[in-house]
């Protein structure tokens with residue numbers, strides 16, 4: 206039955222995505238923070254967001270904050286300026302960062318965000334705000350991103366990038382006609398907007414607002430009164446690599462086989478070089494069983510490992526597909542084996558960092574990228590367990606339990622996105638390893654295919670299953686962290702062999718593990734395995750986008766009855 210034009214007019218409009226208005230509607234009024242509370246929230250904001258990103262000029266912001274509380278006259282004047290909108294957004298971000306378990310009507314800081322939106326300038330006049338307009342848009346983007354409002358944040362960051370471009374913030378340092386301190390601030394704001402744009406676009410599988418081929422990579426240099434740009438510049442390089450992965454490797458046939466292999470090798474080499482450049486004062490010693498982490502260093506490593514996982518994950522998904530379809534196993538070449546090991550180790554290290562951050566109170570309950578990193582890493586370990594012929598018969602790696610603990614922590618703090626992803630992780634964990642290690646979720650489960658064990662028997666070692674040496678097999682109650690094996694050529698395990706190590710195994714050497722010999726014998730192996738690698742990214746029966754949630758849906762589809770190969 207066709208709907209008439211009049212009926213269509215009367216029908217309620219259902220948008221593809223709801224506007225930011227939904228987030229702030231009905232937020233009850235609150236008292237504005239006093240000077241002490243404002244400084245506390247500003248301190249939280251600086252602790253989490255400074256170093257490898259740049260949202261505000263600390264000196265100017267501090268001066269304006271002083272004027273806000275100096276007297277009634279200066280307060281009234283400050284509240285009429287664009288800076289006050291910026292102030293409200295910093296306060297909103299500070300509330301998101303504190304580990305306050307109280308139940309809010311809306312996400313923490315929603316009142317401040319709502320007040321900022323009331324003062325938000327219309328698009329036709331935002332350019333009058335100058336660089337403060339870019340700061341406001343970047344902070345609004347970040348708040349929305351942390352609230353898991355991905356499409357809202359995509360809309361805001363696109364506007365931020367275009368405003369920064371029209372203001373000339375992307376121009377080489379020498380071409381910006383302003384004071385040196387202003388140039389330093391504008392350049393740092395530009396690269397922060399660029400990074401937000403690249404990562405939010407990648408997370409949605411949508412085009413970024415700027416093409417790397419059309420901009421110059423004139424990164425910030427040292428400037429008096431500003432933090433060292435070293436961490437920020439590393440962050441930019443990782444964001445650029447992420448952009449290359451999404452636009453090239455996941456381009457659905459956009460590259461020839463030879464070009465895709467070359468691009469993959471170049472990206473991995475770039476990420477390796479970037480990882481080596483992380484400053485010693487924030488570098489992490491992965492040989493230590495108890496990691497000591499900083500917020501700035503952790504953020505860089507999490508983004509680095511996330512890019513490595515994104516680059517290699519399709520190969521793992523092909524392994525899962527082969528397992529589901531009972532494809533005839535072929536000998537795994539050294540190139541494929543090392544890539545899979547690299548992806549797996551990136552996931553393990555991601556979780557070790559997040560777990561250390563949780564123990565050291567460095568993880569924010571609503572930190573968007575921390576949540577995405579935990580989910581992506583757990584995704585890899587579950588694929589690894591399903592694809593490997595032996596892993597489903599022994600306890601899962603301790604890091605998988607730790608990933609669940611991190612997600613449970615975020616969920617308990619009121620992070621609804623973490624609750625949703627935790628449920629998805631637990632569902633597939635129970636499928637791969639059985640209910641002994643991961644009791645299945647009861648509500649909304651998707652029935653899964655059997656992973657190879659007889660019906661009626663547990664997937665993950667029945668009553669006689671034994672844990673690997675050094676691991677109790679009792680899930681998150683065990684605090685023992687297994688060390689991965691030595692990756693030297695003579696002892697390095699293949700993708701089809703032991704993976705998670707034994708009691709006497711040595712730690713990986715970071716340079717050996719992440720320094721793929723792409724110019725030597727392994728580079729030749731890459732060429733020999735080009736067809737298989739290319740097929741992993743361009744399999745019409747396994748459409749991959751690089752978006753975690755969409756590729757996760759493909760994994761669930763494979764495991765569900767009637768899925769691939771049924």
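Residue numbers (the working numbering): 206 to 771.
Beta carbons: idealized from backbone N, C-alpha and C, even for Gly.
For clarity, every value in this text was computed on a predicted model and none was experimentally measured.
Restricting to Cα atoms, I'd like to know which of the options is closest to residue i.
i	options	result
residue 322	227, 518 and 607	227
residue 301	339, 330, 270 and 353	353
residue 238	256, 254, 511 and 273	273
residue 526	560, 593, 557 and 502	593
residue 515	241, 741, 559 and 333	741
residue 591	530, 539 and 577	530
residue 744	454, 569, 341 and 449	454
residue 562	550, 611, 540 and 545	611
residue 560	285, 584 and 615	615
residue 628	599, 584 and 601	584
residue 248	233, 303 and 285	303
residue 497	564, 739 and 755	564
residue 289	338, 388 and 524	338
residue 233	266, 360, 320 and 765	320
residue 579	504, 430, 524 and 459	504
When you compare only the Cα positions, how much space is there between residue i and residue j?
i	j	result
residue 348	residue 311	13 Å
residue 411	residue 276	47 Å
residue 231	residue 571	21 Å
residue 426	residue 434	6 Å
residue 763	residue 747	9 Å
residue 493	residue 634	28 Å
residue 707	residue 428	Unreliable placement is indicated for residue 707, whose pLDDT of 30 sits below 50; no coordinate value is reported for it.
residue 287	residue 619	31 Å
residue 552	residue 609	13 Å
residue 542	residue 495	28 Å
residue 478	residue 472	10 Å
residue 268	residue 295	15 Å
residue 386	residue 297	27 Å
residue 391	residue 382	11 Å
residue 326	residue 370	18 Å
residue 416	residue 375	13 Å
residue 545	residue 341	41 Å
residue 558	residue 588	20 Å
residue 333	residue 450	36 Å
residue 656	residue 418	Confidence at residue 656 is low in this model, with a pLDDT of 45, below 50, so its placement is unreliable and no value can be given for it.
residue 457	residue 313	40 Å
residue 278	residue 271	13 Å
residue 637	residue 262	49 Å
residue 318	residue 291	10 Å
residue 486	residue 264	24 Å
residue 506	residue 520	22 Å
residue 491	residue 379	40 Å
residue 761	residue 465	27 Å
residue 284	residue 240	14 Å
residue 600	residue 631	15 Å
Go through its chain and collect everything with a Cβ distance to residue i's Cβ below 7 Å, but skip five positions before and after it.
i	result
residue 335	372
residue 500	252, 253 and 567
residue 350	358, 405 and 573
residue 695	Annotation note: pLDDT 35 at residue 695 (below 50); position unreliable, coordinate value reported separately. Cβ within range, chain order: n/a, list empty.
residue 331	338 and 368
CB-CB under 8 Å to residue i, same chain, minus the five flanking residues each way: which ones, in chain order?
i	result
residue 441	396, 399, 400, 422 and 424
residue 577	408, 511 and 753
residue 193	Any question about residue 193 goes unanswered here, given that the chain covers just 206 to 771.
How many whole angstroms separate the CB atoms of residue i and residue j, which I take to be in contact at a CB cut-off of 8 Å?
i	j	result
residue 447	residue 403	6 Å
residue 367	residue 414	6 Å
residue 462	residue 736	7 Å
residue 236	residue 315	The Cβ separation is near 15 Å, so there is no contact.
residue 476	residue 517	11 Å between Cβ atoms; not a contact.
residue 432	residue 256	6 Å
residue 437	residue 393	6 Å
residue 502	residue 488	6 Å
residue 246	residue 522	The Cβ separation is near 42 Å, so there is no contact.
I'd like the list of long-range same chain contacts for residue i, defined as Cβ closer than 6 Å, with 5 residues on each side in sequence excluded.
i	result
residue 556	582, 604, 607 and 608
residue 508	443
residue 280	273
residue 686	Note that residue 686 scores a pLDDT of 30, beneath 50, so its modelled location is shaky and nothing firm can be said.
residue 250	295, 298 and 299
residue 756	749
residue 293	317, 320 and 321
Return yes when the C-beta of residue i is under 6 Å from any heavy atom of the ligand MN, and no when it is not.
i	result
residue 340	Because no ligand of any kind appears in the structure shown, any question about the ligand MN cannot be addressed here.
Completely contained alpha helix (DSSP H) runs for the segment 541-595, where each covers 4 or more residues | Runs of the alpha helix (DSSP H) inside the segment 541-595: 573-592.
Can you list, in chain order, the stretches of the alpha helix (DSSP H) that have 4 or more residues and sit fully within the segment 593-624?
-> The qualifying runs are 603-617.
Identify every run of the alpha helix (DSSP H) within the segment 217-283, keeping only runs that are complete inside it and at least 4 residues long; order them along the chain.
-> Those alpha helix (DSSP H) runs which fall completely within the segment 217-283 and span 4+ residues are 226-229, 240-254, 263-273 and 277-283.
Residue ranges of each alpha helix (DSSP H) within the segment 332-368, 4 or longer = List check, alpha helix (DSSP H) in window: 336-351.
Of all the alpha helix (DSSP H) runs that stay within the bounds of the segment 406-441, which reach a length of 4 or more residues?
-> Qualifying alpha helix (DSSP H) stretches: none in this window.
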